[in-house]
Amino acid sequence: MNASHKNTLGKAAIVLLLSFVLSGCGQKDSGSDAEKNTTAPETETTVQETEAKTEAEEETLAPEQMELVKYNYYVDLNNDILDILDNIDYYFEVVDYTEEFALLPDTGYTYGYSIYGKNTDIIDDCLQLADMEPAFDELDAMVKEMADPLRALMETFSAISDSYDYADNQYEKAKEYHTVIYANADTFYTMGTNYMDAVAKMGDERTAKEEEQMKADGQLIIYNASHGITIGKAVLDEIYNQEITDENITGMDLTEIKNLYNELVATVADLDAALADNNQLIKESLSNSRPFDGLYDSLIQALEWMIKQVESGQPLDLSGSGAPLGSIGHFSETLGKCIDRYNSVFVE
């Protein structure tokens, strides 16, 4: 099938970056604009309250603030889309990709394996924002185009995750769910990945501008912490563009990876120097000279291990649980820890 078993590394890289950009790169109040209750049931009252809140925000916020609000909502949608794409993959690990419902033999998984429901409120929020200023022309159009298939998939996967009688009457409910998923999976997979690519591009542009301003303002700690994450994301993007995964890691071209490694080492050295400067700590209102507890050094080490793994020409042992040292997955996980800590230091 076209919709399953795709390389999700690029999607993971995108989400890592968005987790960082979403928080506003050190603007401590910006992240709260995008908070959602993703578990509460959707009701007419909830939708009306959201509409009233969004309209009030549009009337009272400055244009640049409204842009951030809208962007953050679109980031939330992006992250829900990733979950739906994962649901599609997991669904077809168990169910055959055919128009007629049929379980695959000997998968070792039960129906509904790793599928979780998603609240559709985010679709209504983003549809409303798509008609508001400032216009995000490409993204606004994408939101409107994919709203219906995304809603259908969200609702169906929620039903599956809550279903305990799907096997009754010769899998009657499962067949109904399958009709919806089969009709929308491939189409939405394309729409969803295109949307995520577009959000990632916007995120890259925002990050570049914010880092430029940080550096110009002499905010050397937050700048280097941010730029280290940017480099890490660039590593994952380079790997994704080469269509490399942990399964074929020895085929990686290390030319650009090594350039990025050198840049990362230099950036972390600059970060450590800035953190060792008490005047810089005061300038950036930090009380702790080791706020990252060596996480950026761990990021360098994870990249070193990955480079050595490629140079060894030996495939990774992926038989165990978790991401082994030297794997792309381990580097990605370490980058995620850096991002989480960055957010806790500068945003939360």
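Each number in this note's numbering comes from the position in the sequence shown (counting from 1) with 307 added on.
Cβ coordinates follow ideal geometry from the N, Cα and C atoms, glycine included.
- For Lys425 and Thr494, the gap between their C-alpha atoms comes out near 19 Å.
- Under the three-pair Cβ rule at 8 Å, the stretch 560-574 counts as touching the stretch 531-539.
- Annotation for Val654: no alpha helix (DSSP H) segment contains it, and DSSP assigns it neither H nor E.
- Counting of Cβ neighbours within 10 angstroms places Tyr496 among the buried residues, the total reaching 16 or more.
- For Ile391, the uninterrupted alpha helix (DSSP H) run begins and ends at 370-401, by DSSP.
- With respect to the 8 Å criterion, Gly643 and Gln616 are not classified as neighbours on the basis of their beta carbons.
- Here Leu410 is bridged, per DSSP, to Val402.
- In the same chain as Asn394, and ignoring 5 residues on each side of it, the C-beta atoms closer than 6 Å to its own belong to Ile422, Phe464, in chain order.
- The C-beta of Gln520 has fewer than 16 other C-beta atoms within 10 Å across all chains shown, which makes the residue exposed.
- In its chain, beyond the 5 residues on either side, Ile467 have a beta carbon closer than 6 Å to the beta carbon of Gly419.
- The three-state secondary structure of Asn595, taken from DSSP, is coil.
- In the three-state DSSP reduction, Phe443 falls in the coil class, being neither helix nor strand.
- Per the coordinates, the alpha-carbon of Leu434 lies some 42 Å from the alpha-carbon of Gly601.
- CA-CA distance, Ala505 to Leu384, rounds to 12 Å.
- Three or more Cβ pairs closer than 8 Å define a contact, and the stretch 442-460 meets that threshold against the stretch 389-403.
- Taking 8 Å as the cut-off, the Cβ atoms of Leu623 and Asp553 count as close.
- When DSSP states are grouped into helix, strand and coil, Thr574 belongs to the helix group.
- At the C-beta level, Ile536 and Tyr649 come within 8 Å of one another.
- It is roughly 11 Å from the alpha-carbon of Met453 to the alpha-carbon of Leu446.
- One thing to note: Leu567 has its Cβ no nearer than 8 Å to the Cβ of Glu550.
- A Cβ-Cβ separation of about 13 Å leaves Phe408 out of contact with Ala492 under the 8 Å criterion.
- Assignment of Ile551 by DSSP, reduced to helix, strand and coil, places it in the coil class.
- The beta carbon of Lys522 lies closer than 7 Å to those of Tyr530 in the same chain, with the five residues before and after it left out.
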